[in-house]
Every structure is written in C-alpha cells, then in structure tokens.
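Chemist: These protein sequences, in sequence, are chains A and B. Heads up: the first sequence at position 36 corresponds to 36 in the numbering used here, and the numbers run straight through without jumps. Heads up: the second sequence at position 2 corresponds to 2 in the numbering used here, and the numbers run straight through without jumps. All C-beta atoms in this analysis are idealised placements derived from N, C-alpha and C, irrespective of residue type, glycine included. Questions regarding the structure given below will be posed in turn.
Protein chains: 2
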Amino acid sequence: MKWHQLGDMNCPVGRSLSILGDRWTLLIIRNAFLRTHRFEDFQKQLGMTRHLLADRLNRLVEKEVLKKVLYQDGPKRYEYRLTDAGQALYPVILMLGKWGNNWLNDGADHPPLEFIHNPCGHKTDPQLRCSECGEELHARDMQPLLVEGAGQEGMLQNTGDSHHPGQQRTASRG
Amino acid sequence: MKWHQLGDMNCPVGRSLSILGDRWTLLIIRNAFLRTHRFEDFQKQLGMTRHLLADRLNRLVEKEVLKKVLYQDGPKRYEYRLTDAGQALYPVILMLGKWGNNWLNDGADHPPLEFIHNPCGHKTDPQLRCSECGEELHARDMQPLLVEGAGQEGMLQNTGDSHHPGQQRTASRG
DNA sequence: CTCCATGGTTCCTTTTTGGAACCTATGTTG
DNA sequence: CAACATAGGTTCCAAAAAGGAACCATGGAG
Chain A
1 MKWHQLGDMN CPVGRSLSIL GDRWTLLIIR NAFLRTHRFE DFQKQLGMTR
51 HLLADRLNRL VEKEVLKKVL YQDGPKRYEY RLTDAGQALY PVILMLGKWG
101 NNWLNDGADH PPLEFIHNPC GHKTDPQLRC SECGEELHAR DMQPLLVEGA
151 GQEGMLQNTG DSHHPGQQRT ASRG
Chain B
1 MKWHQLGDMN CPVGRSLSIL GDRWTLLIIR NAFLRTHRFE DFQKQLGMTR
51 HLLADRLNRL VEKEVLKKVL YQDGPKRYEY RLTDAGQALY PVILMLGKWG
101 NNWLNDGADH PPLEFIHNPC GHKTDPQLRC SECGEELHAR DMQPLLVEGA
151 GQEGMLQNTG DSHHPGQQRT ASRG
C-alpha cells in the first residue's frame, strides 16, 4: 500500500497523518505557531531545502492548514499563516513537546520547556482531560465507539483479532 | 540539514519528531494502542511493506517506545508492546484523531469517532486543559518560558526576528 | 544598467520507500 | 522422512522522495 492512500481511510488518525505525517510538516506548523510566517524565515530556522519547503507549504495551503496572506504590494509578496484548522493543531504540537520533554532528555542538557498560561498566570502542565468529568484521560480508560453504518476498516477500533479477550466491545457490527 | 540531526536539537518537539515524524511510525503506535502486538498483524492492518515494518519496529524498540516480550517458547516468538514512554503518547494520538474528526470530514462519509470514558461513563470530548486553572488551553494564551542556561537554538520560543512586535517576552536571555 | 531582496524553480545525486520473492526455525500431517 | 504451515523476518531491485547547490523572476534603489 502506498502511503498516500491513507488519506481515504476511515480512521481519523490515518487521515490526519496523511497530511501531517512526514519529516517536516509538523515542524513547519510548530514554527508557524512561533510566529514564523515567511519563506526565508522558515528556511533559515528549519534548515530544510527550499525545494521541499516550497512543496510542503503549497501542500498545507491546498489542505487549508495554512493560508497565503498578501503583506506587500511592491513585488507582491505573501506570507503563510495558520487557518482555523491549523490553529486547531496546537494540542498536537504541545503534546509532542510535552512528550519530548518528559521522555527524551537523555543527556539532561536539554532545558525543560515550560509555559505560562496567561489567563491564570501560572506555569502550566498541559493535560488531556475528559470534557464530562474533568479527570485526566488514559488509554486504558477509553472505549472507542463507532457509530452505525461505518466501520469495515474503521481502525481506532480493534478489528477483533486480539489475543487478549474481554475488555472490549465496539458499538456497531454486534 | 539532514533530517536526523533534528534529534539533537533543543526543541522537544523536534526531538519527538526525530523519532515519530515519518510516514508510518505514529500509525504503528496507534495500532499498538488498539492492542495489535504482532508483526503479521501490524503488517496486515497497515498494509506497509514487511521491510519497512521491521525497520520501524526495531527503531521504536531501540528508542524505548516499544519493547519486545516473549510470548511463545517453541520457536521463540516476541511481540511488541508499548513501554511507559509509548503509553505516554496517547494524548498525541488522540489529539491527532480529534483533529482528523473535526477538520478532515470532506465527504462526511467518515463516521465521527467517539469515545466513552469508562470511569465516568460518558461520551467524552478530549480537551487540553491547564493543570492550574482547569481552563482549555489555546495557542494565543501560552507563553513559552525557557529556563536559564539554555536556548541558543531553543525553538518553541521565537528567535526574535518576528515582524509582529509586542505580544512576546521570553524569560531568559533578557 | 546593476545590485539587492524575497520567494521560488531546476538539475542532479543520495536515501528512502514499495513490492515481491526468499529464508529460518519449529511444529504438524501423512 | 518429506511436505506443508506459521511467525517473523531479510534480500533484491525499481520507483519515489529528500538533500544540495545553482539559477530564475519581479520589482525597487542607486
């Protein structure tokens, strides 16, 4: 299977990764959150080839994660800014950062990265929480629920070949 | 710059992506969360070449995201399971899924994926929240803070070439 | 007309993928 | 013992993507 066919799959993680899952794309988006918007700046900060950068920026514009905004009219120049969809990737970037912080400090010479949450004014540790009870979410407590009419190749639900029975019921196809 | 040099960078997002940022790795991890553990099952479910799968599994074991566990002694057979570091990637996977759900439902024929949070029993919408005030976190409210002694190429802090002044102060190097 | 800045594009080499066949160890069937 | 099955790889080769460096285009400044 070619990797790009993943975009059609039923699993939302697969669809996300068909756009975001390559070597540079998420780094470009990270830098966009850091207020980098221009071709030259992306290129200098990331050190990637101009070639690839142009390709990735175009693809992100096409997928509506970034948009081109005119910022100068002499020779018309555009910069790249996050769309609403792009802004919505913040949790992904932040959780990747948290993971790197917690689990990839081999030599310990990497400074822990911390954030102030401006509205409350405190150093914050971003946490994934349940919208209903407010508790922190863990993989073992989550039960995926696939709505009716779907799911032949649904992923994010086990396909039933588990060697560890019990513990699992998916909604449909029962 | 070669992509693998990113592993040494100061930014935790860059370090995370040096392990996770390729076409297949996060999909392998997703399936591990869905209780897929064996080579053949990964291969069938993902449709990737055995070649690449072997390479990625080995790399994840080396990086201590997965571990090999003996499950049969006839011909010795091992399966791949998430380590604690691997388990800690759940928020990343879940937020990628949430994003795909919300922003990549082009034809709308993809079913929304929903989860029950077992401890509270409700359908949950996973949210990124502040550990201190409990409010949902947004990019615009977050101020990265780099601890002293660090930060030459720190990333996740703006390097100062912003064309949009104000709105930004990083803690050190002032 | 020349030079500069920004934002690309082209050309060519090196690495990574994709696809399919083959290998290894052991266990089962006949 | 031969033949086949199972699980987990490895090998080989062609195709695609990434890396590196030079070149191009537009418009303004000198």
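Looking only at its chain, what residues have a beta carbon closer than 7 Å to the beta carbon of B:Gln43, apart from the 5 residues adjacent to it on each side?
Modeler: Excluding residues within five positions, the ones whose Cβ falls inside 7 Å are Arg50 and Leu53.
Chemist: Using a beta-carbon distance below 7 Å, is A:Thr170 in contact with chain B?
Modeler: The predicted position of A:Thr170 is uncertain, since its pLDDT is 34 and thus under 50; a value taken from the coordinates is nonetheless stated next. Not closer than 7 Å to any Cβ of chain B, the Cβ of A:Thr170 fails to qualify, so no.
Chemist: Excluding the 5 residues flanking A:Glu153 on each side, which residues of the same chain have their C-beta closer than 7 Å to its C-beta?
Modeler: Here the model assigns A:Glu153 a pLDDT of 45, short of 50, so the residue's position is not dependable, and the following value carries that caveat. Within the same chain, A:Glu153 has close Cβ partners Met9 and Asn10.
Chemist: Since A:Arg81 sits in a beta bridge, which residues does DSSP pair it with?
Modeler: Partner(s): A:Lys67.
Chemist: Classify B:Cys133 as buried or exposed, calling it buried when 16 or more other Cβ atoms lie within 10 Å of its own Cβ.
Modeler: With fewer than 16 Cβ atoms within 10 Å of its Cβ, B:Cys133 is classed as exposed.
Chemist: Just checking: is the beta-carbon of A:Met85 within a distance shorter than 7 Å of some beta-carbon in chain B?
Modeler: It is Ala, not Met, that sits at residue 85 of chain A in the sequence shown. Taking Cβ atoms only, chain B reaches closer than 7 Å to A:Ala85, which makes this a yes.
Chemist: Write down the C-beta distance between B:Val69 and B:Arg81 rounded to the nearest angstrom, noting that I regard them as a contact closer than 8 Å.
Modeler: Right, their Cβ atoms sit about 5 Å apart.
Chemist: Among A:Gly121, A:Pro91 and A:Ala139, whose alpha-carbon lies nearest the alpha-carbon of B:Asn118?
Modeler: Comparing Cα positions, the closest option is A:Ala139.
Chemist: Going along chain B, which residues have a C-beta under 8 Å from A:Ile93?
Modeler: Near A:Ile93 (Cβ distances below 8 Å), the residues of chain B are Val13.
Chemist: Kindly indicate the opening and closing residues of the beta strand (DSSP E) around B:His138.
Modeler: No beta strand (DSSP E) holds B:His138; DSSP gives it neither H nor E.
Chemist: For a quick check, are the C-beta atoms of A:Leu26 and A:Leu20 less than 7 Å apart?
Modeler: A contact, by the Cβ cut-off of 7 Å.
Chemist: Less than 7 Å between the beta carbons of B:Pro12 and A:Phe115, yes or no?
Modeler: No; because the gap between Cβ atoms is not below 7 Å, this pair is not in contact.
Chemist: Check whether the Cβ atoms of A:Glu79 and A:Tyr71 lie closer than 7 Å to each other.
Modeler: A contact, by the Cβ cut-off of 7 Å.
Chemist: From B:Asn105 to B:Asp73, what does the alpha carbon distance come to, in whole angstroms?
Modeler: Rounded to the nearest angstrom, the two C-alpha atoms are 46 Å apart.
Chemist: So is B:Phe33 in contact with chain A if we call contact Cβ pairs under 7 Å?
Modeler: Closer than 7 Å to some Cβ of chain A, the Cβ of B:Phe33 qualifies, so yes.
Chemist: Is there a C-beta anywhere in chain A that falls below 7 Å from the one on B:Asp55?
Modeler: No, B:Asp55 lies away from the interface with chain A (no Cβ there is under 7 Å from its Cβ).
Chemist: Terminal residues of the continuous alpha helix (DSSP H) containing A:Gln5?
Modeler: A:Gln5 -> no alpha helix (DSSP H), and no H or E assigned at all.
Chemist: From the DSSP output, in three-state form, read off B:Pro165 for me.
Modeler: Because B:Pro165 carries a pLDDT of 33, less than 50, the predicted location of this residue cannot be relied on, and no value is offered for it.
Chemist: In angstroms, rounded to a whole number, what distance separates the CA positions of A:Glu148 and B:Asn101?
Modeler: Annotation note: pLDDT 49 at A:Glu148 (below 50); position unreliable, coordinate value reported separately. Looking at the two C-alpha atoms, the distance is approximately 16 Å.
Chemist: Let's test the definition: count the other Cβ atoms within 10 Å of the Cβ of B:Lys76 and tell me whether it reaches 16, buried, or not, exposed.
Modeler: B:Lys76 is exposed by the Cβ-count criterion.
Chemist: What does the Cβ neighbour count give for B:Asn31, buried or exposed, with the cut at 16 atoms within 10 Å?
Modeler: Result: buried.
Chemist: Taking the C-alpha atoms as reference points, what is the distance between B:His4 and A:Gln87?
Modeler: Each residue's alpha carbon lies about 27 Å from the other.
Chemist: Pull up the distance between the alpha-carbon of B:Leu57 and that of B:Ile28, whole angstroms please.
Modeler: Computed Cα separation, rounded: 8 Å.
Chemist: Rounded to whole angstroms, what is the Cα-Cα separation between B:His122 and A:Glu136?
Modeler: Their Cα atoms are separated by approximately 14 Å.
Chemist: Beta-carbon within less than 6 Å of B:Leu60's beta-carbon, same chain only, minus the 5 sequence neighbours each way: which residues are those?
Modeler: Correct list, in chain order: Leu66.
Chemist: By the three-class DSSP mapping on this structure, what secondary structure does B:Glu132 have?
Modeler: Residue state, collapsed to three classes: coil.
Chemist: Quick one: grab the DSSP three-state call for B:Gly37.
Modeler: This sequence places His at residue 37 of chain B; Gly is not what is there. Coil, per DSSP.
Chemist: Can you list, in chain order, the residues of the region 39–72 of chain A whose Cβ is nearer than 7 Å to any Cβ on chain B?
Modeler: Here the close residues are Asp41, Gln45, Gly47 and Met48.
Chemist: At a Cβ cut of 7 Å, what residues of the region 16–31 of chain A count as close to chain B, listed as they run along the chain?
Modeler: The region 16–31 of chain A vs chain B, Cβ under 7 Å: Ser16, Leu17, Gly21, Asp22, Arg23, Leu26, Leu27 and Arg30.
Chemist: Here's the rule: buried if 16 or more other CB atoms are within 10 angstroms of the residue's CB, otherwise exposed. What is B:Met1?
Modeler: When all chains shown are included, B:Met1 counts as exposed.
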